[in-house]
Amino acid sequence: MLGSGLLQGLKVTAKNLVGSFHDPERLTTLEYPEQKAKLPENYRNFPFLVSENATDPMGTLRCVGCQICEKECPPQCIYIEKSKDKKPDATGKMQVYPVVFDIDTSVCMSCQICVEVCPFEAIKMDQVFEIATKDRFTALLLDRNQLAKPNSYYHEIHPTEAAEVDARLLAERKAAEEKAKAAATPKPAVAPTPSPTATAPKPPEAPAAGGTPAP
Amino acid sequence: MSGVEPMFPSPSSGAHVNAVHDPFHGDLLEVSMGPHHPSTHGVFRMMVTLDGETIVKLKPVFGYLHRNHEKLGENTSYLGSMPYTDRLDYLNSMTNNWAYALAVEKLAGQPVPERAEYLRVILAELTRLLNHVCLAGFLLQDTGASGTPLMYAFREREKILDLFESLSGSRMMCNYQRFGGCRVDASPEWLAGAQTITNNFGRFLDEYEELITGNEIMMARTQGVGALTPELAISAGITGPMLRATGVNYDLRKVDAYGVYSRFDFRVPLGDHGDTYDRYMIRILEMRESIKILQQALPALPAGPIMDPKAKIRGFRPKAGEAYGRIEGPKGEIGFYLISDGSPNPYRYRVRPPSLVNLTVLEDMCLGQTIADAVIILGSVDIVLGEVDR
Amino acid sequence: MIGATSFSPLLLAAGAGADSFLERLPLVIRDTVAGVFPAPLQWLVGSTLSIVAIVAIFGGIFAGLTLVERKMLGRIQNRPGPNRTGPMGLLQPIADGIKALTKEDIVPRSADHLLHYLAPVALLAFSILTFAVIPFGRNLVPLELDAAVLYFFAAGAASELAIFMAGWASRNKFSLLAAMRALAQLISYELPLLLSFVPIIMLAGTLSMTGIIDAQAGWQLGFIPRWYIFTPWGFAAFVIFLIAALAESNRSPFDLPEAESELIAGHLTEYSGFKYALFFMAEYFGMIALSGMAITLFLGGWRAPLPFLEFIPSYAWFGAKLLVLLLFFIWIRGTFPRLRIDQLTRLAWKFLVPLALVNLGTAAFWSLTSGWSGALQLVRWALTIAMVIGPFVLLGRGLSGTHRPRTYRYA
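Going line by line, the protein sequences match chains A, B and C.
Note that this note's numbering has the first sequence beginning at 1, numbered continuously upward.
Note that this note's numbering has the second sequence beginning at 1, numbered continuously upward.
Note that this note's numbering has the third sequence beginning at 1, numbered continuously upward.
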């Protein structure tokens, strides 16, 4: 009969109206600034640079300025200048370091490709999202001082992933030490993820015609 | 009014219009709907010529969201294009990722482990659920249901987005598939959560259908509105639910049987009228079939690696050649065509966007309908301007 | 005509002795304040006080209603609704008011400035005029007119003129389309609206609101009030009236003139700031007035629903019934999609008007058989119910035509 569909609809909305007072399934909103949703561990937003030590972040950056992330970054939001000299890193090994490491977060799309291509576990995804600012130019262009965050912070936001990374780094360091004992020429750390042959300071893949333009 | 000038001049392009030369008939009215109209689903513009409220001509204008997607794809590495595919049809990043990964895997001859294939099916079907449920909500919003169906739809969509977020790290910009597998493995807790959502989704659909499917106003608004013939649909290259609503049995999951779809038992619903109501109902029925696929795939998920051990992340250079990878996205056939010249970037990168192709018949569907129908016909086409304009 | 035409007695005379203090309170206040002034001015002060009271009270109800509507729509849609301004969002209407007042008033350069300015004013004026004849309580009729019902609908119909003014003067294509729709809607729905309560005028034998309420006095079987809604034809008329009232007040699912998804904001597209707020206010006033009319015609006006509840003041009953109707309107808004303009007019001409005409006959039958008793009483009810449901089913079948749920095949 005409109208039965309308009455059914009214029944459903009435059920939801009443349900919103007693059924949490029917009132799923969170009052944002007071209540905050628990971020899943995998949540990612904007990269940061891992430093081993919170007291001396610039001295203990894992980043060696190899510029792979700069090249692989799809929106080209990373800008790196590597040092001419070498400084000892957290393990005491002499390393090149980034003199300038800027990320333009107004361009960054949090795709985490920089994290995936980094052979040194030096750049990881952060979980910040309350980053509104009144100044859209300088305040969103983060330099290496703003980007550097200690490894403990990494453990805080991505516990399982950070534990895996630390274990892998330790194993690599041990392997490298043993290798160093065996052979006189020390080799840099071995890449962790799927391509174990790719070594870090390898010269960048020469871009083909129409390759990635420099920022 | 003082009448110094004609209030609404006749449309300049009157030649295309069968204007009635009748002194009592009055002028035609050219209305520009969009690009900032509330219900053009983004920055889409329809130049509509109206005779009263009846549409005699409709010219779609788009490109406001053009981002040079394909040229960007030719200038970044193969991997670098993956996050950009998220932003094509931003509701369905998982299926976009899969189609692109499939194309690159074909190009490079890259095998995919079993577990990754299953995960891809699970995520694609979840994506189908969230896309179709969004469409059902938006379509009802376009018919003027003051947001209630849309809110119910979004309530359920949010649960699926939470799943995506806990797996891939981002609600919509998942960037999850890789050439030769997937990026992150699904934990048992995640799978349990997906199972719960799958189990409850059918109940939500029942309630949603009770709310609106039998509604007389809804039926009067959508039945017989914007009918599309199977012949026109085929010749225009329409795919997806819109094609199946006209009664053409063409579903790439059955035709290509890509991935592991051949192992699942599901049916393809077909419409008989090709009108807006059919397009809506086909999507509702497809959701029910997607639930069936998920119920089969989730328990059957095999153990094993999610990434082919030989797959390369850095320095990925497929040998010269070309490949076209396509899957049945929620909106239709989403395909990527790639030509490699052996360099790290594709030589040619081309997207076949279902939204754009499905939009091409908009005028054919709208002619003779009223301006109120144009809005819901557009809604039932299910476009995302990110994909139309690229 | 049935019975003697009972022209309502003078305002204060009607059973004043039986009234409780609360019942008389509004009038006592009015008369006390007016008594301060010299006798020639008393009628003026008294009327002014009534006007101020109406505008203040219904202004307040409007403010509260916007909040209630948003809260209720929110709850229907599984969200809490506005809850940031003040405790539980109670100050939201004030915030809205401040916002509307301080917003820039934009008038398009090519608009007809005078009409553009006048439209919201005229609309609000017409909608406030309708309040003049509604009996809000036992003794609370601002203006006792013999032809109050006619006056009410005359004033109400004029509001569509203002909407057309707004649409035309804005010089915007969407506004013009909305104005056309508004006129079509007005012409279509004025008829079923008027026809739906003709039976009541026929049975009550008066066009006076007080007379109609008096005709609904008393109880059936000792506890069921003799309201017109509790008769089969009265119920049918009430449903027709509600549908037509929704259309007249441009409420969902008949909000075609301001169909957001099609015409952006229809006739309101080029209005901003306080003028927009005036339109909004007028729309709600129209809705409140039509609800008040429905209460008077079908729900026994200010009468209590049960005999032992009569000690509660009559205006409280009016308010309670008003609230129920308004919540029902909001509930409908939260549920239904919008009709299309041709379907809207079809619904009026092919369904509501014939149904209202048939209902006129049903009511006549009911009136003629008022002497039947005993078993004949049952026959009377059965026949009337059949006369209501039969046309509804038949006309409904014609109206829905080929629209019905479909079954689908699988490949």
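Note that the Cβ used here is the ideal one computed from N, Cα and C, for glycine as well.
- By the criterion of at least three beta-carbon pairs nearer than 8 Å, the stretch 70-78 of chain B is in contact with the stretch 340-356 of chain B.
- Going by DSSP, V12/A is part of the alpha helix (DSSP H) stretching over S4 to H22.
- The beta carbon of R44/A falls within 8 Å of a beta carbon belonging to chain B, placing the residue at that interface.
- Of N358/B, L359/B, P353/B and R317/B, the smallest CA-CA separation from I339/B is found for R317/B.
- Going by DSSP, M125/A is part of the beta strand (DSSP E) stretching over I123 to M125.
- Across the set L126/B, L301/B, Y90/B and L123/B, the C-alpha of L301/B shows the shortest separation from the C-alpha of P188/B.
- Here I157/A carries a helix assignment [DSSP, helix/strand/coil].
- Taking 7 Å as the upper bound on Cβ-Cβ separation, chain A lies near residues E207, E210, L211 and I212 of the stretch 200-212 of chain B.
- Contact between the stretch 92-109 of chain C and the stretch 342-350 of chain C is not established, with fewer than three Cβ pairs separated by less than 8 Å.
- Not a single CB atom of chain A sits nearer than 8 Å to the CB of S146/B.
- A Cβ-Cβ distance of about 11 Å is found for the pair V99/A and K87/A, leaving them out of contact under the 8 Å criterion.
- Per DSSP, the beta bridge partners of C182/B are Q177/B.
- Excluding five sequence positions before and after I264/C, the CB atoms of its chain that fall closer than 6 Å to its own CB belong to F174, given in chain order.
- Here the C-alpha atom of R226/C lies approximately 32 Å from the C-alpha atom of T13/A.
- If you compare the alpha carbons of L41/C, F152/C, P82/C and F392/C with that of L357/C, the shortest gap goes to F392/C.
- Taking the Cβ atoms as the reference, P142/C lies roughly 5 Å from S50/C, within the contact range of under 8 Å.
- In the three-state scheme derived from DSSP, where H, G and I count as helix and E and B as strand, A227/B is classed as coil.
- The Cβ of P24/A sits no closer than 8 Å to any Cβ of chain B.
- Close to N215/B, with beta-carbon spacing below 7 Å, are these residues of chain A in chain order: G5, L6 and G9.
- I339/B is bridged by DSSP to E322/B and R348/B.
- DSSP, reduced to helix, strand and coil, places F101/A within a strand of the structure shown.
- At a Cβ-Cβ threshold of 8 Å, G286/C and S249/C count as neighbours.
- Taking C-alpha positions only, W43/C is separated from D31/C by approximately 10 Å.
- By the Cβ-count criterion, K174/A is exposed, with fewer than 16 other Cβ atoms from all chains shown falling within 10 Å of its own Cβ.
- For F280/C, the uninterrupted alpha helix (DSSP H) segment begins and ends at G273 to F298.
- Neighbours of T335/C in chain A, taken as residues whose beta carbon is under 7 Å from its own, are G9, L10 and T13 in chain order.
- With a beta-carbon spacing of about 16 Å, E260/C and S170/C fall beyond the 8 Å limit used to define contacts.
- Using a Cβ-Cβ cut-off of 7 Å, N53/A is close to nothing in chain C; its nearest Cβ partner there is about 44 Å away.
- At a cut-off of 4 residues, the continuous stretches assigned as alpha helix (DSSP H) that sit fully inside the stretch 249-296 of chain B are 252-255.
- Taking a Cβ-Cβ cut-off of 7 Å, the neighbours of Q141/B in chain C comprise S261, given in sequence order.
- A Cβ of chain A is located within less than 8 Å of the beta carbon of S77/B.
- Against chain A, the beta carbon of M72/C has neighbours under 9 Å at L17, listed in chain order.
- Taking a beta-carbon distance threshold of 8 Å, N359/C does not count as an interface residue toward chain A.
- Relative to the Cα of L101/C, the nearest Cα in the group Y276/C, L183/C, I213/C and L309/C belongs to Y276/C.
- With fewer than 16 other Cβ atoms inside 10 Å of its own Cβ, D206/B counts as exposed.
- DSSP places I80/A in the uninterrupted beta strand (DSSP E) bounded by I78 to K82.
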